[in-house]
Structures are given as structure tokens and as C-alpha cells.
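Engineer: Protein chains in written order, with the numbering used here: chain A, 20 to 820; chain B, 7 to 189.
Ideal Cβ placement from N, Cα and C applies to all residues, glycine included.
(1) At which residues does the alpha helix (DSSP H) containing residue 159 of chain B begin and terminate?
(2) Between the alpha carbons of residue 143 of chain A and residue 156 of chain A, how many angstroms are there, rounded?
(3) Using DSSP bridges, identify the partner residues of residue 73 of chain A.
(4) So, for residue 137 of chain A: in the same chain, excluding its five sequence neighbours on each side, which residues have a beta-carbon less than 6 Å away from its beta-carbon?
(5) Hey, would you say residue 72 of chain A sits closer than 9 Å to residue 214 of chain A, going by beta carbons?
(6) Report yes or no: is there a C-beta of chain B within less than 9 Å of the C-beta of residue 619 of chain A?
(7) When burial is assigned at 16 or more other CB atoms within 10 Å of the CB, is residue 124 of chain B buried or exposed?
(8) Along the region 102–120 of chain B, what residues have a CB closer than 8 Å to any CB found in chain A?
(9) Take the Cβ of residue 682 of chain A as the centre, count every other Cβ of all protein chains shown within 10 Å, and call the residue buried at 16 or more, exposed below.
(10) For residue 49 of chain A, does the count of other Cβ atoms within 10 angstroms reach 16, so buried, or fall short, so exposed?
(11) I want to verify the contact list: residues of chain B whose CB lies under 7 Å from the CB of residue 567 of chain A, in sequence order.
(12) Taking all protein chains shown into account, do 16 or more other C-beta atoms lie within 10 angstroms of the C-beta of residue 98 of chain B, making it buried, or fewer, making it exposed?
(13) Would residue 319 of chain A and residue 181 of chain A qualify as a contact pair, given that the criterion is a beta-carbon distance under 9 Å?
(14) At least one CB of chain A closer than 9 Å to the CB of residue 141 of chain B: is that the case?
(15) Along the region 75–86 of chain B, where does the CB come closer than 9 Å to a CB of chain A? Name the residues.
(16) Relative to the C-alpha of residue 571 of chain A, which residue among A:554, A:597, A:551 is closest?
(17) Using the Cα positions of residue 727 of chain A and residue 643 of chain A, report the straight-line distance between them to the nearest angstrom.
(18) What is the DSSP secondary structure of residue 639 of chain A, reduced to helix, strand or coil?
(19) Can you list the residues of chain A that residue 156 of chain B reaches, using a CB-CB cut of under 7 Å?
(20) Within 9 Å of any Cβ in chain B, is that where the Cβ of residue 773 of chain A sits?
(21) Below 8 Å on C-beta distance, what does residue 184 of chain A contact in chain B?
(22) Which residues in chain B sit within 8 Å of residue 628 of chain A, going by Cβ to Cβ distance?
(23) Got a sec, what are the start and stop residues for the beta strand (DSSP E) residue 247 of chain A sits in?
(24) Can residue 397 of chain A and residue 321 of chain A be called in contact, C-beta distance under 9 Å?
(25) State the CB to CB distance for the pair residue 591 of chain A and residue 477 of chain A, rounded to an integer number of angstroms; the pair is presumed to be in contact (CB under 8 Å).
(26) Verify the CB distance criterion: does residue 644 of chain A have a CB-CB separation below 9 Å to chain B?
(27) So what does residue 79 of chain A bridge to, in DSSP terms?
(28) Is the beta carbon of residue 387 of chain A sitting closer than 9 Å to the one on residue 336 of chain A?
(29) Run through chain B and tell me which residues come within less than 8 Å of residue 352 of chain A, C-beta to C-beta.
(30) What residues of chain B sit near residue 290 of chain A, judged by a beta carbon separation below 9 Å?
(31) Could you tell me which of A:445, A:484, A:460, A:458 sits nearest to residue 466 of chain A, measuring between CA atoms?
(32) Taking a Cβ distance cut-off of 9 Å, strictly less, list which residues of the region 706–739 of chain A are near chain D, in chain order.
(33) Just how far apart, CA to CA, sit residue 560 of chain A and residue 577 of chain A?
(34) Is there a Cβ of chain A sitting closer than 9 Å to that of residue 162 of chain B, yes or no?
(35) Starting from residue 682 of chain A and walking both ways along the beta strand (DSSP E), at which residues does that stretch end?
Below, the structure is given as C-alpha cells:
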């Protein structure tokens, strides 16, 4: 009996022992496997670094027209903080500035440009009469030119992906790890990855509170969780996490773990973009580098760690403020800071910048992303830590966004009052601004809600361009050698038999015809019938070739309606086409990106300025002179009320598809802007180019403080004065509407009836009052420099340059 | 390659010297690139920069065709400093950097033919002959009234044509340059 039971026991014990041994072995294997996994992953861990995208840096130099407050605004845009001018002698802290009279001292941050890295340095800017008069470095040495930091405008992060800015330990303010230890893991320096006492303490707090309040996870455990594990809270996961934490603590130094934690942890969400690490969180919430954060700001970030969505400082500021102050109390309690320091910091407001205040330009970033995708794999962009330097001008971008939204709101109100105006979604619009000489794209607005990363009308909104095509019809005519600005074209009803046998009968916008008119008037007043007559004479093929020379990639349908702009283009494509007009007949490659630099500062790719002659200077000059008349006396003359007095600009209105699309494309000396206004659902707006897009355009041109359009008169042209309505030679005694235009030598239009028969040729038609023409005459300049200064425009500019 | 770079450096350096021409007198005020806020009269202000040099006297009698007023292009202090930096960068064997520095200058004075000539020379020395020639043509257009600058631009065009084996056109460009230089 006993023996039997003994046998039975033995039969149980042995398998039991075997089982236990097997279990132990399995556990050991499991632990070893986890250990191996965690070590390999930690060591091999390279944070994926989204490409960072920067705006063009502001170049400061002697004579640049910037007032003190302009300089201050630019510094604040870059999150430089103003400090007291007390003790105005010594250096200013990096990331701050002070104003001492007309001098502004700046502690410039270390920064990287497309072409070089610059260490932190002192800069003193002196301003007088609204212009910079001196730039001095820390030693008092005069500097001819200094760049401010390029503004970080965004990252190219993977869809649903993590975004972060990596910081090295020396960029981390010492208070941050101290605060993290005080709040998240008191025994971080001594524990071995897990903290039994901490867990028990947390458990005790939870039991007393009756709910889950304290996590009790060490920093190492949190790191493991963020690295390897899904957020499920199961017992088995807890065990896995603990084993891996112990492993990590065993193999790596506390400093490495803290650094990893600071760069790893999730601290917020911005749509699809997950904000990881304190480096990015600092920029995301405070708009400045981590190294410049003050105690209260550090405490705010530490407060967010516990629950980035529950403690979202933008959505729940009160909740976060309360927790931030608890963090500060905790820090004081553990003698990380003094009671006084805590009290002062607790009195500070949260100071989190609003999301919209940040530099977030999704439409421009979209263009940058598309440019880079031609040369880089998606993975390179989202993981390799590239630095991308762009041509975005944040000041122009901000102006364009603000003006588009404001003008569309105004137009919505105007349209709402019109009887029978169909109801529906509000007006939309898009703006593209470039620097025509270099092809730099300096601003892109993809819609009214510029901060919304949605449909990008500037790049994807293909709309009929209407009369925007006309300058290319006229250019082709002039290039044929059979026409000049004063040539007569018939503005009479026209019928065209289309290839499908139908008759096409275009009509003028005004439903009136004006008979024989000079080219300048036909273009300035956008006469459809005159243009169709001209275009048919010149030939569709030649016009298509002109468009393609200027950068149109697709071949438009060779249909007579092309003469009136029956072709769908995006605002960006229009900007490409008009670039050649604005740039003296040179086509430039539009460039959003200037250069790409690797994470360690090696130049990878540059996008140089490229120009290519596409039209002769004299033909372009004649077309541009007519486009100037569009604004002086044509369809866009209403712009003069908005534009600064004397600013010479040129452009063209476009109204398409029965007032569904309202366009304006035009340029000054330094800026080319294309504006589209319309409804997304293609309803009729009831706006033409002038009442819609032009108002946005002219306010924008007025606000960005641009320079006059100017070009030297080509050697093979001379200026003559004609009667604008008829195109005949005239003078002030016999015409009330004179215009001076550049034409090839030998051009000799008939003299207007009633004018003296022996009018001299040339611009100096005696007595032509300079006040009646946009381009002044030589006599006018000599007699009345003051009036001529305002009126003489480009010719005078050429003279005094 | 090394020789080409050295040649580029010399070209740049000499062109800078000959084009800027010591002693250099910066105009009192540069054309504004882009003030953050509009000054009271932006265009007038921008013009003030250009009008800083006294305007040449108007021709006593209006005679058509209007003679192209003669003038001489200069670089402002900022652009001039950048050009010097670019020539140092080219001399130390970094033509890419020199190009990007010249482009910085070009953003400040986009209508200055001297900068287009220099940038064109930089591209020429890198073997981008067609682009160099285009920049020369752009400079010719901008330099109307300044025969010295136009002569340099035509020389650049000549170089770019010769490099592409278009010798006849190149010689034509060189003789235009010589004619202009003699003015």
C-alpha cells in the first residue's frame, strides 16, 4: 500500500520535476530571447527622422528697408525673446534680444543654412529712418551682410507616422532630466529597470484612490513600452515589459536611457502627425529650441508626459496648468528646485503658442514634397533626417494667406446681397507668388483655410484660364514681324467653322464691338473678337508653340477657342507661363527647393537658378508695355486705387466659362503673382477677373512692398505717341487719350484727322503732356521731373538707374 | 578638373575686380529687397535707392530715337561682399558653394547684370555652357546702356558658344564685345 503510494508519488514527482525544469528552461530561453531582442533593438535603433523643411533666411544688410519694429517682428517669428535692456553692455543670451535705443542686440542661435553652419554669435543691428544702417558682430566689427536663422516650416513625416527633432544631451537643459526623475521615476539613478517599491507605492495610491492614478512604471519601462509594445494593458505584457526593462538597465548606462527617453516619448498629436520627443514638443508647443526653455515650460512638457491627449495644453489649459504646478511642487519637494523658484514658475501663464501662430504652410510643403519625390524615395524623406532649404518667404506667404481670406470673405458678403445668386459653399481661391528673375517660388496658398492640409488648388486646381492666354496670342503676332503695339486689328464679329462643322461665334465681354483698334487697346480691354481675328491670322500652331516655349508641358487642343483661353491650367502652371513675360523673355525653372543637405551637413543636391531665352527682348518689351496698359487704362484699372502711387506693374485679367473662374496674373519688378477665385463646385460666381482675383492681387502687391516693373528699352525699339482709342499718331492738341509705346523703327501710323499733318515721329511728340501717359516722354521729364517721377515709370527708371 | 577650377577661380576673381572696379563706391542706399512691412511709399522708396546717384541731365533736345542713357552698373555693399566671398570659395576649390553664394547676391540685386555675368562664368567653368550662355544673354539685356558690362556679357556668350564648338557665332560675339569695349 505504502509502496504503491510511494510509487504513485514518484510517478507524479518525476514528471513534475521534469515539467518544472522544462518550465525553467523555457522561461530562461524566453528571458534570453527578450534580452537579445531588447539589446539588439536598442543598439540598432536609429530614430527615423523626417526631413526638416526651412524657409528662406532673411538677409540683413546695410540699407535694407526695415524699421526697428520690422526687425523685432522677424526675431519674434523665429521665437527670439525680448529681454530687458538693463546692463546693455554685455552679451545677450542666445535666443534673446534687447532693444537699446535704435540698436537691437541679438544672441543669434547656432544654425545651419543650405551652404554653411554658423555657430551662435552676437549681432548688433542699428536702424535709422526705417532702414538698417549698421550690422556689428560681438567684437564690434562691421559686417556687410548677416542672415537670420531660417524658419523651420515643417517636416516631411510618414503618413500616420512619428515626427521628432533629435536632441543631443548637451542640448537638453539639466532641469529636464531632473524633473522627469522627480515626477516619473524617483529611483531612476539606482533602480535596475524596475522599481518594486515604486510599484507598491503606486498600487497603494491606486487602492486608496479607488482608481488608476499612478502608473508606477519606471522611465526604463516607459521606454520599453514606447519602443516595442502595443499599448494593451495585460498581465503578460506587464511581465514582458518588466523583463525587457531589467535587460535594458543591465546593458546600458542611465545617461543613454535618459537620452533615449527624451527623444522617444510621445508628447502630442497633430492630425496624423505624432509628436515624439522633447525636442519637437518644445517647437510644437513653444516654438523654440529645447535648450531655451524656462523652468515653467519644462514643467509643462513633463506634465504632458502622463497623457498627451488628456493633458493637451491647447484643449485643456486649466487641467495642464494644474498638473504643471503639481510637477513644480514635486520638484521643490525633492529639492530639485527651491520653493521660491517653484512659486515664481507657478505664477507664469502656460505660454503655449497657438497652433495657427506657428509657421505651418501645408500648400507650400506639398510643392516641396512633390519636388523632392522626383529625386528621393519616400523613405529617405521620412526617415533620413534630411534638411531641406526652400525659397518660401514667410512674410509674403503670411500676407497672401491673410489677404486671400479677407478679400474672399468680403466678396462672399457682396455676392450674398445679389438677387438670384445661387447659394452654396463659400468662395475659394489660390495664390502663387514667385520671384520672376530667379524662378523662386516664394509663396503658395492652396485655399482659403491656408492652415488646412486639404485640396491644394494652387497645384491641383485645373481651371479654364480665359483671357490669361491672350498675351501669348499677341506675343506670337508681334514675333511674326507683321504687328506691333500700334498695329490695327479689327474688332468685329467673327465666325469660325470648327472641325466638327459647327459655327463658333465668340463675343466680346461687353457685347459691343469697337471696329478698328490698335493692338494695345485690344489687349488692354481684352477684346475677344479682335483677339480671335488676330489669332486666326497668326495661326493656332504658332501660338501653341509659343505657349510650349514658355513652359506649357502638355499640347493644348488646337481648337480656335484656345485663342480665348479654353484650356485648363493650375495657378502654378500659369505662374510658369507668365514667368517668361515678367523676366524679359527668359524662362526660369520654378523652384521651391534651393538645396538638400544630409543629417550630418553634407550637401546632397542643389537646385540652381536656371534661365533660358524663349523670346526676343523687343517682342517681350512690347507685350509687357501693353500689359502695363491693362492696369493703366484697361480691364484692371480698378487696381490703381489700391496700388501705391507710381508703382509700375503689368498683368492680365482672366474670366472664364461664363464667370465660373476669375483670374489675375501679373508682375512687378520683383514679384509675380497669380490669383484664382471661384467655387469648388463650379457654380457661376458672377465675378470677372477684375472684381474677383484682381482685388486679391492688388492688395497683395500693395502689401508686400514690391519694386516697380522696369526694363531698359531694347536698342531696336523706339517710342512713339499715339491716340489710344484709334492707334493714330496724335498730340495733346488733338487727343485727350495719348499713350506712348515702344515700336520698331519705321513704324509710322497715319496721323489722326484733325491733328497737324507734320507730327514728328518718336516719343517726343511735342506737347504730349506726361500726365496723360503712363510712360513719360523725354520732354516731360525735362520739364516736370516731379510729375514725371510718378508717371514716367520704367523709362525714367532706366534713365536714373 | 583641377585646372578648370583654378581657371574658374581666376576668372571669378579677375571678373570681380574688373567689374566692381576699385575704388568701389557703394550707393548710399540699396534697393530694398523686401521690407517686412510696407514703408510709406514702397515704390518711391525702392526708386530712391536707384535714384541715389544723381540722374544724368536730360538731353537738351528731344531727339528720336531716344539715346540709351549711358551708365555704369555697380554692386551694392552686401552683394559686393558676397561676390568676394564667392571668389574665395571658388579659389579654394568649392565651385558649388561659390554658385550658391552668388545666388544669394542675385536675390538682393536680381536685375544687376554683373551678377548674372559672374554666375554665368561660374557655370561656364563647371561645363554648363548652355546655361552660362543664357545668363550672358540675360546680362546683355539688363546691361543696356553700360557698354563695359555688355562687353563682358558678350565675352561670356562667346566663351559658351566656343565651348560648344560654334566658333563662327563665338567670333561674332567676341567682336561685339570688342566693339562695345572700345566705346
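Structural biologist: Quick answer:
(1) Taking the second chain and counting its residues from 1, one reaches residue 159 of chain B at position 153. Counting along the chain, the alpha helix (DSSP H) containing residue 159 of chain B begins and ends at 153–169.
(2) The residue labelled residue 143 of chain A in the question sits at position 124 within the first chain. The residue labelled residue 156 of chain A in the question sits at position 137 within the first chain. So the alpha carbons of these two residues sit roughly 6 Å apart.
(3) Here the question's residue 73 of chain A lines up with position 54 in the first chain. A:171, A:408, per the DSSP bridge assignment.
(4) Here the question's residue 137 of chain A lines up with position 118 in the first chain. Excluding sequence neighbours, residue 137 of chain A sits near 130.
(5) Within the first chain, the letter at position 53 stands for residue 72 of chain A. Within the first chain, the letter at position 195 stands for residue 214 of chain A. The answer is no: Cβ separation not under 9 Å.
(6) Against the first chain, residue 619 of chain A aligns to sequence position 600. The beta-carbon of residue 619 of chain A is placed no less than 9 Å from the nearest beta-carbon of chain B.
(7) Reading the second chain from its first residue, position 118 is the one you call residue 124 of chain B. It is buried - the Cβ of residue 124 of chain B has at least 16 other Cβ atoms within 10 Å.
(8) 102, 103, 105, 106, 107, 109, 110, 112, 113, 114, 116, 117
(9) Within the first chain, the letter at position 663 stands for residue 682 of chain A. Buried.
(10) If you number the first chain from 1, residue 49 of chain A lands on position 30. Answer is exposed; the Cβ neighbour count stays below 16.
(11) Numbered from 1 along the first chain, position 548 holds the residue referred to as residue 567 of chain A. Here the premise fails: no neighbours, minimum Cβ distance about 18 Å.
(12) Residue 98 of chain B sits at position 92 when you count from the first residue of the second chain. Flag for residue 98 of chain B reads exposed.
(13) Stepping through the first chain from its first residue, residue 319 of chain A is reached at position 300. Stepping through the first chain from its first residue, residue 181 of chain A is reached at position 162. Taking 9 Å as the Cβ cut-off, residue 319 of chain A and residue 181 of chain A do not qualify as a contacting pair.
(14) Within the second chain, the letter at position 135 stands for residue 141 of chain B. Judged by the 9 Å Cβ criterion, residue 141 of chain B is in contact with chain A.
(15) 75, 77, 79, 82, 83, 84, 85, 86
(16) The residue you call residue 571 of chain A lines up with position 552 of the first chain. Cα-wise, what sits closest to residue 571 of chain A is A:597.
(17) One-based indexing of the first chain puts residue 727 of chain A at position 708. One-based indexing of the first chain puts residue 643 of chain A at position 624. Approximately 13 Å, taken between the alpha carbons.
(18) For the purposes of this step, residue 639 of chain A is taken as the residue at position 620 of the first chain. Helix, per DSSP.
(19) In the second chain, counting from the first residue as 1, residue 156 of chain B sits at position 150. Ordered by position in chain A, no residue passes the 7 Å Cβ test against residue 156 of chain B, which lies about 10 Å from the chain.
(20) Here the question's residue 773 of chain A lines up with position 754 in the first chain. For residue 773 of chain A, the answer is no, since every Cβ of chain B falls outside 9 Å of its Cβ.
(21) The residue labelled residue 184 of chain A in the question sits at position 165 within the first chain. The contacting residues do not exist; residue 184 of chain A stays about 25 Å from chain B at best.
(22) Walking along the first chain from the start, residue 628 of chain A turns up at place 609. Proximity of chain B to residue 628 of chain A at the Cβ level (cut-off 8 Å) is accounted for by 109, 112, 125, in chain order.
(23) Locating residue 247 of chain A in the first chain gives position 228, where the first residue counts as 1. That residue, residue 247 of chain A, is in no beta strand (DSSP E); its alpha helix (DSSP H) goes 238–247.
(24) Mapped onto the first chain, residue 397 of chain A falls at position 378. Mapped onto the first chain, residue 321 of chain A falls at position 302. With contacts defined by Cβ atoms closer than 9 Å, residue 397 of chain A and residue 321 of chain A do not form a contacting pair.
(25) Taking the first residue of the first chain as 1, we reach residue 591 of chain A at position 572. Taking the first residue of the first chain as 1, we reach residue 477 of chain A at position 458. Going by Cβ atoms, the distance from residue 591 of chain A to residue 477 of chain A rounds to 6 Å, so yes, they are a contact pair.
(26) In the first chain, residue 644 of chain A corresponds to position 625, counting from 1. Output row for residue 644 of chain A: interface = no.
(27) If you number the first chain from 1, residue 79 of chain A lands on position 60. The partner list for residue 79 of chain A (beta bridge, DSSP) reads A:165.
(28) Residue numbering aside, residue 387 of chain A sits at position 368 when the first chain is read from its first letter. Residue numbering aside, residue 336 of chain A sits at position 317 when the first chain is read from its first letter. No, the pair does not count as a contact, with Cβ atoms beyond the cut-off.
(29) One-based indexing of the first chain puts residue 352 of chain A at position 333. None at all; the shortest Cβ gap to chain B is about 47 Å.
(30) Locating residue 290 of chain A in the first chain gives position 271, counting from the first residue. Neighbours of residue 290 of chain A on chain B: none; closest Cβ ~30 Å, over 9 Å.
(31) As a position in the first chain, residue 466 of chain A is number 447, starting the count at 1. For residue 466 of chain A, the nearest C-alpha among the options comes from A:445.
(32) Of the protein chains in this structure, namely A and B, none is chain D.
(33) Stepping through the first chain from its first residue, residue 560 of chain A is reached at position 541. Stepping through the first chain from its first residue, residue 577 of chain A is reached at position 558. For residue 560 of chain A and residue 577 of chain A, the distance between alpha carbons rounds to 7 Å.
(34) Position 156 of the second chain, counted from the first residue, corresponds to residue 162 of chain B. False, the Cβ-Cβ gap to chain A never drops below 9 Å.
(35) On the first chain, position 663 is the one that residue 682 of chain A refers to. Counting along the chain, the beta strand (DSSP E) containing residue 682 of chain A begins and ends at 680–686.
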